[in-house]
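Here the sequence shown is numbered in the working numbering, starting from 4 and rising by one per residue. Just so you know, even glycine gets a beta-carbon here, dropped at the ideal spot from N, CA and C. This one's a predicted model, so the numbers in the text were calculated from it and none came from an experiment. Here is the structure we will look at.
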Amino acid sequence: MHSIEELAGQHFDAIIVGGGINGAGLARDLALRAHMAQHPMRVLLLEKRFWGAGTSGRNSHLIHGGLRYLKYFDFALVREALRERATLLQLAPHTVRPLRFRLSTNGVFDNLFYGVGIILYDLLAGSHRIGKSTYFGPNQAYWDAASDSAALVIDNVRDARFYGATCITGRAVKRLWGDGIELDNGVRVNGAAVIDARGPWNRGETTRLVRGSHLILPRLFPGEDAVAHFHHDGRIIFFIPWGDLNPVTLIGTTDVDHSGSADQVQISRGEIDYLRGIAKQLFPASADMETLGCFSSLRPLLAAPGKSASATSREHHIAFREDQVLEIIGGKYTTYRSMAEEAADLVCGRIAPNLVPSHPTRSTPFAVPTERPGGIPERIAWAKQEEGCETLEDFLTCSTNWAWQKRWTAEELESIAREFSGGVDAFLERYAPCD
Ligand SMILES: Cc1cc2nc3c(=O)[nH]c(=O)nc-3n(C[C@H](O)[C@H](O)[C@H](O)COP(=O)(O)OP(=O)(O)OC[C@H]3O[C@@H](n4cnc5c(N)ncnc54)[C@H](O)[C@@H]3O)c2cc1C
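The structure is reproduced here in structure tokens:
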């Protein structure tokens, strides 16, 4: 792997800034196209923190069509997401798994309304339907899928590397322009194409940042199914069985306009009360439970004046800006592969037109091994060797989701911390309980 110093003055065919799912997916797409066609292409992916440390590792962990978008007549978005759901279930079975959602609605009218919604959802899925839905009555349920979000980002990076891409974490890009970038230490690197995949950190005039937060509580109900609660304010709150270290429930999300820095994203008192209030309404025993953890992240949405955060479209925008940097904004995690394909078509149109018709990510499984080992020592070894994980925080958040699966004490963390940099105190301060 290249060090940052080695990059100075070098030339790449494509430089991608931002190691969330969109940057990682694009790096894999370009490297795979070039490999398949035996076309020499130098791809560089740069991430300022760690793979999946932004929104891509702190979302609801769902690969879904988005039942609630039907309410806004976003049929094209839902159909595309359902198609991508099927593709990911097939190509990434190690991190994407089917999940059944039981519905929690308010009264007969809601039951009928959402029952019709599920019928439409299944019709839009067509041959990509996963399981058998129950449309009406007390056992109303539908199928979607869940993922390990940061793990899939990391696997895209590892696969991109396997096909020759250079992927580096821990260094921020200070400036981007059409044919190069400058790092925060002044090093400049040249690129025939430059792609801005900084997600919420790319704050153009047309983007609106919306914060979504999740709470983690102990398991609230038995069984493998998730619960989709349709709240009377029109929002949908998921209760998802979660956790490979401890059995927990992931609860979210909120939708709140965020005006601060993209580096300072924290759950507010109001969001905690809102999510705990709904949890208490559905599962009264949760009132006495301690919150194990919480995380928040930002959605860059294309601004739509007058619309609420929930109602604003999740459509994406991929286009060359005036400065000739290609930017990727918005969209959903679920549709990352097709977004990466669209972006790669535009990049190849400029630097390798013969690769435009090639779309290998539609059918090529991951080349690198992707099944994580169980057991803490084995998982630590995997994170260091396979993922390049160096800090305790990156291990407990992006590499695993363990940061949020229990209330850690300093003693419990010490043996893990010995394997990484960053220190126990800094971690505990940053991930203080949120209740
Ligand atoms: C609360 C919430 C829940 C969601 N749940 C779902 C869901 O369940 N299913 C779904 O399909 N979608 C979901 N989404 C949407 C989805 O998560 C996002 O669309 C997707 O993760 C965006 O990925 P990204 O790569 O564009 O951004 P990010 O993941 O934020 O990646 C951007 C990266 O750029 C890096 N970066 C920033 N500045 C620089 C710089 N100067 N130099 C180098 N690197 C830089 C950041 O560190 C970051 O890692 C959710 C969104 C939110 C907010």
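Own chain residues within Cβ distance below 7 Å of Glu-389, not counting five before or after:
Hits under 7 Å: Arg-161.
| request: Can you tell me which of Ile-19, Pro-250, Arg-31 and Lys-310 puts its alpha carbon nearest to the alpha carbon of Ser-341? | output: Sorting Ile-19, Pro-250, Arg-31 and Lys-310 by C-alpha distance to the C-alpha of Ser-341 places Arg-31 at the top.
* Any idea what DSSP makes of Asp-438, helix, strand or coil? -> In the structure shown, Asp-438 adopts coil according to DSSP, grouped into three states.
Q) What separation, rounded to the nearest whole angstrom, lies between the Cα atoms of Leu-91 and Arg-82? A) Looking at the two C-alpha atoms, the distance is approximately 14 Å.
Which residues in the same chain have their Cβ closer than 7 Å to the Cβ of Arg-382, if we skip the five residues on either side of it in sequence?
Once the five neighbours on either side are set aside, the close Cβ partners of Arg-382 are Arg-375, Pro-376 and Thr-403.
Next item on the list: Output the boundary residues of the beta strand (DSSP E) element that contains Leu-399.
Entry: Secondary structure note for Leu-399: it is in no beta strand (DSSP E), with a DSSP letter that is neither H nor E.
Run the CB neighbour count on Thr-412, radius 10 Å, all protein chains shown included, and call it buried at 16 or more, exposed below.
Only exposed fits Thr-412, as fewer than 16 other CB atoms lie within 10 angstroms of its CB.
Tell me whether Gln-269 is buried or exposed, calling it buried when 16 or more other Cβ atoms sit within 10 Å of its Cβ. Residue burial is scored here from C-beta neighbours: Gln-269 has fewer than 16 other C-beta atoms within 10 angstroms and is therefore classed as exposed.
Task: Residue interval of the beta strand (DSSP E) (run including Ser-107) - done: Element bounds for Ser-107: 99–107.
Ligand 1 heavy atom lying under 7 Å from the CB of Thr-364
Checking the Cβ of Thr-364 against ligand 1 gives no.
For Met-44, is the classification buried or exposed, using 16 other Cβ atoms within 10 angstroms of its Cβ as the cut-off for buried?
Counting of Cβ neighbours within 10 angstroms places Met-44 among the buried residues, the total reaching 16 or more.
_Every unbroken alpha helix (DSSP H) inside the stretch 102–141 [4 residues or more]_ = Here the runs fully enclosed are 110–128.
Is Cys-170 helix, strand or coil by DSSP?
Cys-170 falls in the strand class under three-state DSSP.
One or two residues paired with Leu-304 in a DSSP bridge:
Under DSSP, the beta-bridge partners assigned to Leu-304 are Arg-211.
TODO: Put Ala-17 into one of helix, strand or coil per three-state DSSP.
DONE: It is a strand residue.
| Distance cut-off 7 Å: Asn-249 Cβ against heavy atoms of ligand 1 | It does not: the Cβ of Asn-249 is nowhere closer than 7 Å to a heavy atom of ligand 1.
ask   = What residues are listed by DSSP as bridge partners for Val-46?
value = Answer is Ala-17, bridged to Val-46.
Practice item. Thinking Thr-58 and Leu-301 are a contact (beta carbons under 8 Å), I'd like their distance in whole angstroms, please. Key: Rounded, the Cβ-Cβ distance is 6 Å, consistent with contact.
Classification of Asp-428 by the beta-carbon crowding that lies within 10 angstroms, buried from 16 upward
Flag for Asp-428 reads exposed.
- Who does Asn-451 pair with in a DSSP beta bridge? Within the shown structure, residues of the chain are numbered from 4 to 438, placing residue 451 beyond reach of any answer.
Original post:
What are the boundary residues of the alpha helix (DSSP H) that Ala-89 is part of?
Top reply: Segment 78–94, the alpha helix (DSSP H) holding Ala-89.
(request) Kindly indicate which residue of Thr-256, Glu-9 and Ile-18 has the alpha-carbon position closest to the one of Ile-354. (result) The option with the nearest alpha carbon to Ile-354 is Ile-18.
Q. Run through DSSP, which three-state label would Val-350 get?
A. The three-state secondary structure of Val-350, taken from DSSP, is helix.
Q.
Using a 10 Å radius around the Cβ and a threshold of 16 neighbouring Cβ atoms, would you call Gln-284 buried or exposed?
A. Label assigned to Gln-284: exposed.
Could you tell me if the beta carbon of Ile-133 falls within a distance shorter than 7 Å of some heavy atom in ligand 1? For ligand 1, not one heavy atom lies less than 7 Å from the Cβ of Ile-133.
Closest to Asp-182 by CA distance: which of Phe-398, Val-328 and Gly-237 is it?
The residue with the shortest Cα to Cα distance from Asp-182 is Val-328.
### Task
Assign Trp-54 to one of two classes, buried (16 or more other C-beta atoms within 10 Å of its C-beta) or exposed (fewer than that).
Buried, by the Cβ-count rule.
**Prompt:** Does the stretch 209–225 come close enough to the stretch 256–267 that 3 or more CB-CB pairs lie under 8 Å?
**Reply:** Three or more pairs of CB atoms, one per stretch, sit closer than 8 Å, so the stretch 256–267 contacts the stretch 209–225.
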